[in-house]
Amino acid sequence: MSFDWMKIPYALLTVFIVFNYGMLLGALIQKIGARAGRRHGIPIWQNYVDLIKNYGQRTSITHGVMFYLGPVFRLTGGIGLLLFVPTIYGSYMFSNLSFAGDLILALYFVFFGTLGMALGAGESGHPHAAIGITRGLSQVSVAELPFALAVFAVALQYQTLSVTDIVAAQQGGVMNWTLFTNPLAVAAAMLAFLGSMMRPPFDVVIAPQEIPIGPPTEYHSAYLALMQTNRAIFPIAKMVIYMNLFFGGATSWPEFAVKVFLLYLFSAFVGVCFPRFRVEQSIRWFLIWAVPLGVLAILWV
Amino acid sequence: MRALHIRLQHLFPLGELTEQRPDLGFVTVPAAYLRPTLLHLRDREGYTHLVLLTAVDWLEEDLFQLTYLLSNRSTGCDIGLRVKFPRQAAHMESIHDLWPTAATYQRELREMFGIDFPGSPRLHEEFILEGWNDIPPYRRDFDTLKYARANYNDRPGRETHDPEQHMKQQLYPDGA
Amino acid sequence: MALYTPDRSQYPAKKADGTLDIDLASGKYLKLWQGPNHPGITGNMSVELTVCGDEVVEGKTHVGYLHRGFEKLMERRSFIQCFPIVCRICVPEPDFNEYCYAAAVEDLSGIQSPERANWMRALILEMGRINSYLMYLGGQAGALGLGVIGQWTTYARDLMLDRFEEMTGARIYHMFILPGGVRDGLPDGFDQRMEETLREIESTMKDVHDVMFHNAVFKKRTVGQGVIDPAWLDQYGVTGPNARAAGVAKDVRRDQPYLVYRELEFEPVIGHDSDIYTRSDVRRRDLLMSVDLIRQILAKMPRSGPLIADMPSMLHWKIPRGETYVRGECSRGEYGYYLVTDGSGFPRRVNVRGPSYTHAMALLERMIVNINISDVAALMVSLHTYPPEIER
Amino acid sequence: MSVRDVLSPFTAWKNLFRDPVSIPDPLNRAAAPRYRGFHQNDVEKCIGCGTCETICQNGAIDMVPVEGIETKSGDSGLRPRIDYGRCCWCALCVDVCMTKSLTMSNAYTWVENDPDLFCFTPGVDKKHWDNAELGYHCPTDRRITGQVRAHMRELEPETRIDSFVEIVQGYSVEEAILEADRCVACGLPCATAITSAAWNCSTPATRFPASAAASAPTSARTPALPATKATRSPSAG
Chain Y
1 MSFDWMKIPY ALLTVFIVFN YGMLLGALIQ KIGARAGRRH GIPIWQNYVD
51 LIKNYGQRTS ITHGVMFYLG PVFRLTGGIG LLLFVPTIYG SYMFSNLSFA
101 GDLILALYFV FFGTLGMALG AGESGHPHAA IGITRGLSQV SVAELPFALA
151 VFAVALQYQT LSVTDIVAAQ QGGVMNWTLF TNPLAVAAAM LAFLGSMMRP
201 PFDVVIAPQE IPIGPPTEYH SAYLALMQTN RAIFPIAKMV IYMNLFFGGA
251 TSWPEFAVKV FLLYLFSAFV GVCFPRFRVE QSIRWFLIWA VPLGVLAILW
301 V
Chain S
1001 MRALHIRLQH LFPLGELTEQ RPDLGFVTVP AAYLRPTLLH LRDREGYTHL
1051 VLLTAVDWLE EDLFQLTYLL SNRSTGCDIG LRVKFPRQAA HMESIHDLWP
1101 TAATYQRELR EMFGIDFPGS PRLHEEFILE GWNDIPPYRR DFDTLKYARA
1151 NYNDRPGRET HDPEQHMKQQ LYPDGA
Chain L
2001 MALYTPDRSQ YPAKKADGTL DIDLASGKYL KLWQGPNHPG ITGNMSVELT
2051 VCGDEVVEGK THVGYLHRGF EKLMERRSFI QCFPIVCRIC VPEPDFNEYC
2101 YAAAVEDLSG IQSPERANWM RALILEMGRI NSYLMYLGGQ AGALGLGVIG
2151 QWTTYARDLM LDRFEEMTGA RIYHMFILPG GVRDGLPDGF DQRMEETLRE
2201 IESTMKDVHD VMFHNAVFKK RTVGQGVIDP AWLDQYGVTG PNARAAGVAK
2251 DVRRDQPYLV YRELEFEPVI GHDSDIYTRS DVRRRDLLMS VDLIRQILAK
2301 MPRSGPLIAD MPSMLHWKIP RGETYVRGEC SRGEYGYYLV TDGSGFPRRV
2351 NVRGPSYTHA MALLERMIVN INISDVAALM VSLHTYPPEI ER
Chain H
3001 MSVRDVLSPF TAWKNLFRDP VSIPDPLNRA AAPRYRGFHQ NDVEKCIGCG
3051 TCETICQNGA IDMVPVEGIE TKSGDSGLRP RIDYGRCCWC ALCVDVCMTK
3101 SLTMSNAYTW VENDPDLFCF TPGVDKKHWD NAELGYHCPT DRRITGQVRA
3151 HMRELEPETR IDSFVEIVQG YSVEEAILEA DRCVACGLPC ATAITSAAWN
3201 CSTPATRFPA SAAASAPTSA RTPALPATKA TRSPSAG
């Protein structure tokens, strides 16, 4: 199998589109959340302004190389995730660098960013960072568990580890989506989705009130901008996987936009209404509610 | 309030009652009798709530006054116990074992007035002032204006004129 | 469900004098500062936490970040000049400072504020109480990550600030209750706008009730957390909603009625579980009671008559020697002013008894032990403390 | 945990289709009619007595000579200059103003790059709120100090007509004390007196030593230990 070099610029084009969509979508969701709080919310371009400002600033202190690599790892996680899964099914331009076993790689990339952050923030030597890392890693791990179970269920169901093949199997009508062929797996995965979106009730990791002030304060200036870039790309990339695995993928950009928006809205829909769990409470919650669903999903198949 | 005062006077050598309002009275207690009086009020008379503990500096008389204000919720009455003692080497018995919260008041009094309460927990930890290098600031002989002038700068360009002097100067420049 | 019981074998032992034997070098413990600039802290104070794992073994309150020495400053100002600075001792509910100061001065100088002024004062104090509670509810929900409540209550509070603005001429520091009376009467059409505001607040509180108090996660975080033992009430001088949530109906408005509270109908709100949830609930119900009290006050208050007593010239006003203590029930508990005069034109000593003084120092330090670090913010907010009252 | 506890929070979303209540343009919101905003001073009415300076507990007011305003009998020629770095808008200066010249508009936004511009003389330095109608004004009743001179009793015309008794009855001791109490010790009449020893504003007070105002003029301006202007700058003192 020869590698098609043209795929690289096309994949980068995907990244560009997804980035801008992520920026706008982030602001849009914030505005929708603000409506629940009876506010007008931010201007839709506000995220761009913040990003440009932050990229224009430099830090004047030093913590060590690993500290600075933290946001880089994080961003790598986001972009890598996006690059190796097909964004638009059936499109040569936007199938990116997907290959037969990309599902495994995707699972790895979902975790990669958090791991990078842990290494980076740990280097700062700040006691809060240590607490934040512990919380972040334990919560992400436990939230990943039902997701992994759901992914196994899906992989078993379709007998493949290629995301493209999974999407292909879901074509031909809504009833072919995993959502309907294996609802238990989708339910487990969606609960995991809540856990990984850093919104209440599972945002204790980045909760400023509850001490581990965490990366957003430790990292500043251009590093913060890197993380903001990631915040525009990574959730979308994750939602692309969800879309592909459970909701029939997308065959065109408009379909992609609608599906991602609805997925994004789902996390905000829950997030606005609830306060957050403590770490051990959320771990317990995942173990009680989400993991059994995942196990059942596998048994179902 | 009067009846309470009469009852107390049988037990302790108290001063006259100053009845500020029907439900509020102040009475002077000798330092040595403070603790039994407080205990009696707390356990026998229902004055269980220590409202506040603070000091007054009577610089001219060279005295510190400590005021222990107690409240009885069932009768809605308050009594203030005044204890006076010399300003030099000021110290007073600690009551943190009667009311744990008194430790906080005593910490503040030590810092702000320089009154010592031997045995009170964390008495010498800084409460509000970090790195304070002057006499305790709530004493009357501490001059805030002088301190401010010595330590802070004024905004340049401020000057005022006394209307009377200004007028005299303008109308009678020769000082007539 | 005992899935996990914390291992307390690592915990520090007590030394002879009651303090903990904490050896930071052992690596078992970590020192953390929550505050002074931190979203999870009430105002400008900080708590020095020593943690063992995720549990707090010791917490020490540090204040002084906004100490301006009000009590000392007042000793150098004439009685009328003290009036503009007292309100700064408590930002979210400044009116109690103005009232207590004015009442203490009136008590010592023998001046009676007119009947109409007393009704105006009660109205302002209840409006301020609503403001303070609204801010608290937003803070309590926000400390646990439920930001939407804060947005609603901020809106409701803003409406109340509008009413304050048209009545007193300022939104935050009203500087309206002068010694001797109040500055002005009600503006035209105030009653109707007030009624609209109260309705809006009631509807907001209904939403708050649905989203915050009937919330599985909020209950999970607050029920059974941060319990104040009723036996501590006298030991630590606990007053206000903190005491009422523990089942003791301490309320100065009822115990020692001041202003016009004798003529109003109300019953102190109490709760029994004394945890964070109960304290929030007591405050929510107290807020609704204040709404009712404002309606009663507006219905009963006289609309004409003097607003300020006949005062001597305040530029050279002297008050004979004496001392007094005046208290009121603010949203956090008993607020009082202890005023000593010496016959000159200046107060000899003013001592402000803010309820936070005991709540945020001795009580918080006692309660903070053995809770999770994540709960520190929620616990602190639930005591409803405002640091300026501590350091004055 | 009941089902209601899980579902009830979602009612928050009912606000989604309501109009937002936040103010889109907070900068141009008009303040309430009584708002204590920026100062206005009617320089024609102002006599430069400096009482506002005396009462200002922040030490924000200086009395400064102003070009074009002559010192003449009954007018010191000074006008109050306010340092907005210190002002707390308590409006005591407005309450105490002897001539009711000092008022407050309800304007509350003022942007400058140069911080020194916030030290200004109301009425002299022209500002956009100078002609504002609304705002806090000096109240008419006696508040901080009496402003209306008490009327002296006079004989009834019927009695006057056939006697040589003094028509104006003078003040009773209480009235005189109250009248002396009105003195704000501005010093303006004292300065214009030909010999200040012969006619002094505080004369009524010395005639009635019982008066609270006996030592008032001195104590209000230069008190012995507790300085009135405790926080003010030395240059201003």
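Chains as they are written, first to last, in my numbering: chain Y, 1 to 301; chain S, 1001 to 1176; chain L, 2001 to 2392; chain H, 3001 to 3237. Heads up, the beta-carbon is just placed ideally off N, CA and C, and yes, glycines get one too. This one's a predicted model, so the numbers in the text were calculated from it and none came from an experiment.
query: Segments of 3+ residues assigned as beta strand (DSSP E) that fall wholly inside the segment 2023-2064 of chain L; result: 2030-2034, 2046-2052 and 2055-2062
query: Length of the line joining the Cα atoms of L:F2096 and L:A2141; result: 25 Å
query: Extent of the continuous alpha helix (DSSP H) run through L:W2232; result: W2232 to Q2235
query: Chain S contact residues for L:H2067, given Cβ-Cβ distances below 9 Å; result: I1128 and L1129
query: Integer Cβ distance of Y:G116 from Y:F73, believed to fall under 8 Å; result: 2 Å
query: Residues in the segment 265-276 of chain Y having any Cβ partner in chain H nearer than 8 Å; result: F269, V272, C273 and F274
query: Rounded distance between the beta-carbons of H:R3182 and L:S2401, thought under 8 Å; result: Missing from the structure shown is residue 2401 of chain L; chain L here goes from 2001 to 2392 and no further.
query: Short CB-CB distance (under 7 Å) between H:S3105 and chain L; result: no
query: Which residues DSSP lists as bridging H:K3072, in chain order; result: H:D3075
query: CB contact flag (H:C3052, H:I3061, <7 Å); result: yes
query: Straight-line Cα distance separating L:E2329 from H:T3103; result: 35 Å
query: S:H1049 - containing beta strand (DSSP E), residue span; result: H1049 to W1058
query: Residue-chain proximity (H:F3118, chain Y), Cβ-Cβ < 7 Å; result: no
query: Under 8 Å by beta carbon: chain H residues contacting Y:H63; result: Within chain H, no residue comes near Y:H63; the closest Cβ sits about 37 Å away, beyond 8 Å.
query: Cβ-based contacts, 8 Å cut-off: residues of the segment 3018-3032 of chain H near chain Y; result: R3018, P3020, V3021, S3022 and P3024
query: Proximity of Y:F234 and Y:V142 at Cβ, strictly below 7 Å; result: no
query: Cutoff 7 Å: S:G1025 Cβ touching any chain L Cβ; result: no
query: Beta-carbon gap between H:A3180 and S:K1168 smaller than 7 Å; result: no
query: Alpha helix (DSSP H) runs contained entirely in the segment 1074-1134 of chain S, provided each spans 4 or more residues; result: 1102-1113
query: Beta-carbon proximity list for L:Q2296, same chain, < 6 Å, skipping 5 on both sides; result: L2264
query: Contact set for H:I3023: own chain, Cβ-Cβ below 7 Å, skip 5 residues either direction; result: R3029
query: Neighbourhood of L:V2223 by C-beta distance below 7 Å, restricted to the same chain and skipping five residues each side; result: D2275 and Y2277
query: Nearest-angstrom beta carbon gap, L:V2211 and H:T3011 [assumed within contact, 8 Å]; result: 6 Å
query: Range covered by the alpha helix (DSSP H) that runs through L:Y2136; result: E2115 to A2143
query: Residues of its chain near S:H1010, where Cβ-Cβ distance is below 6 Å and the 5 sequence neighbours each way are ignored; result: none
query: Y:S196 - containing alpha helix (DSSP H), residue span; result: P183 to S196
query: Buried or exposed by the 16-neighbour rule on C-beta atoms within 10 Å, applied to L:Y2136; result: buried
query: Contact check, S:D1062 vs S:R1139, beta carbons under 7 Å; result: no
query: Complete runs of the alpha helix (DSSP H) confined to the segment 2259-2318 of chain L [at least 4 residues]; result: 2276-2300
query: Where Y:L296 falls: helix, strand or coil (DSSP); result: helix
query: Host alpha helix (DSSP H) of S:P1163 (start-end); result: P1163 to L1171
query: Cutoff 7 Å: L:N2372 Cβ touching any chain S Cβ; result: no
query: Euclidean distance between Cα positions of Y:F261 and S:L1052; result: 59 Å
query: Within-7 Å CB hit, Y:P127 to chain L; result: yes
query: Beta-carbon gap between Y:Q170 and Y:G248 smaller than 7 Å; result: yes
query: 6 Å CB neighbourhood of L:M2301 in its chain, flanking five on each side removed; result: W2119
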